[in-house]
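**Q** In our numbering, the protein residues as written are 167 to 501.
Okay, here's the structure, questions in a sec.
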Amino acid sequence: MKLTPGKLAGLKKVSNERGVIAAAAMDQRGSLQKSLAKEKGGNIGDAEMEEFKSLVTEVLTPHATAILLDPEWGLPASKRRAKNAGLLLAYEKTGYDKTGPGRLPDLLNHWSVQRLKEAGADCIKILLYYTPFDPKDVNDQKHAWVERLGDECRGNDIPFFLEFVGYDEGADEKGLDYAKKKPEIVTESMREFSKNKYGVDVLKVEVPVNMKFVEGVKSYGGQKAYSKKEAIDLFHKAANVATKPFIYLSAGVSNAEFAETLELAVETGVKFNGVLCGRATWKDGIAIYAKQGAGAFRKWLETEGVKNIDNVNDKLKAASSWHSIYETEPALVGV
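So, in structure tokens, the structure goes:
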């Protein structure tokens, strides 16, 4: 597969020279506002959301290949990123439609791919809640939606990152029953959106297991959904269906758990192409910002935040380059 010039240039901007993506995520909106308000014991306004995102961006992007932000509160932060870091902008509204079944997505009202590109985006990111077990009508709507987004990104010659998050309506997605369903949900989602008709350039995926239910790892919580060998097989099964580059998301787990997850991915030998990691890097600083203010949060980021991102980056030494997938000669990548 070959990329068009604009897509290739955008992907290079969010990757290192090796073709590995080590991106930080700071596009959380509704969930972040709620968490900050809970810790503060009061409302969190636009200025505080912008300040929080700007501090994370300023301190962490010297250690990242890119930052993912939202255009609602993240544009001031985008101007504060390190010169080495590319910019991904989110295009979807936070959350999902709660008025009917299927967790249907929606786009930001005042934005388009063209406008996001004009605002400085090197790549476009979309989040989709998805499970292959939903009714055909629900998934058909989602498939058509992603096809339209693929066309819009193609028309603007900019890379399209699709993030899909699995779910099971009515289930506890942190529980044992869901942990058993998760491998198939992740694998079938990767298979579906690798299809060329969607125009997705990079898949942003969950790992196919919940580490708390993998017997024999440090994160194991005592209830078994899979042995370590079974977990390794499930990593392979998911990776084998992807025909596009894929990167792992941290899904809100602790830094220690995400680091161990990546260690397991490396041990399996699957060819993942990097990470887009958010809360595993900065979420422990939420209470510090809310209770002690910007100065204390900056100090925390400069010590613990940097330690967290370095911990993740250390595991990416074994990540695979996307260059070969898109038939890019490494020697030409810097040209």
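Every residue gets a Cβ at the ideal spot worked out from N, C-alpha and C, and that includes glycine.
The model shown is predicted, which means the values in this text are computed figures rather than measured ones.
Taking only three categories from DSSP, how would you classify Ile-187?
**A** Strand, per DSSP.
**Q** Check whether the region 455-470 and the region 422-440 are in contact - that is, three or more C-beta pairs closer than 8 Å.
**A** no
**Q** Could you please give me the residues that DSSP links to Tyr-492 through a beta bridge?
**A** DSSP output for Tyr-492 lists no bridge partner at all.
**Q** Using the beta-carbon count (16 or more within 10 Å), is His-402 buried or exposed?
**A** exposed
**Q** Contact between the region 300-318 and the region 344-356: three or more CB pairs below 8 Å?
**A** no
**Q** In chain order, which alpha helix (DSSP H) runs of at least 4 residues are fully inside the region 186-222?
**A** 196-206
**Q** Measuring alpha carbon to alpha carbon, tell me which residue in Gly-451, Phe-359, Glu-350 and Pro-301 is nearest Leu-293.
**A** Phe-359
**Q** In chain order, what residues of the same chain lie with their CB nearer than 8 Å to the CB of Asn-182, ignoring the 5 residues before and after it?
**A** If we look at Asn-182 and ignore the five residues flanking it on each side, its Cβ neighbours are Ala-188 and Thr-231.
**Q** Go ahead and pull the three-state DSSP assignment for Tyr-262.
**A** Residue state, collapsed to three classes: coil.
**Q** Under 6 Å Cβ to Cβ from Lys-378, same chain only, skipping five residues before and after it: list those, please.
**A** Ser-385 and Gly-387
**Q** Drop a sphere of 10 angstroms on the beta-carbon of Asp-423, count the other beta-carbons inside from all chains shown, and report buried for 16 or more, exposed for fewer.
**A** It is worth fixing the name first, because residue 423 is Glu in this sequence and not Asp. The residue in question, Glu-423, is buried, as its Cβ has 16 or more Cβ neighbours within 10 Å.
**Q** Mind checking which residues open and close the alpha helix (DSSP H) that includes Gly-316?
**A** 302-321
**Q** Residues bridged to Lys-291 by DSSP?
**A** Ala-256 and Phe-327
**Q** Relative to the C-alpha of Leu-290, which candidate in Gly-266, Glu-318 and Gln-389 has its C-alpha closest?
**A** Looking at the sequence shown, residue 290 is not Leu but Ile. Residue Glu-318 is the option with its Cα nearest to Ile-290.
**Q** Along the chain, where does the beta strand (DSSP E) containing Gly-440 start, and where does it finish?
**A** 440-443
**Q** Indicate the three-state DSSP secondary structure (helix, strand or coil) for Ile-393 in the structure shown.
**A** The question names Ile, but residue 393 is Ser in the sequence shown. Strand.
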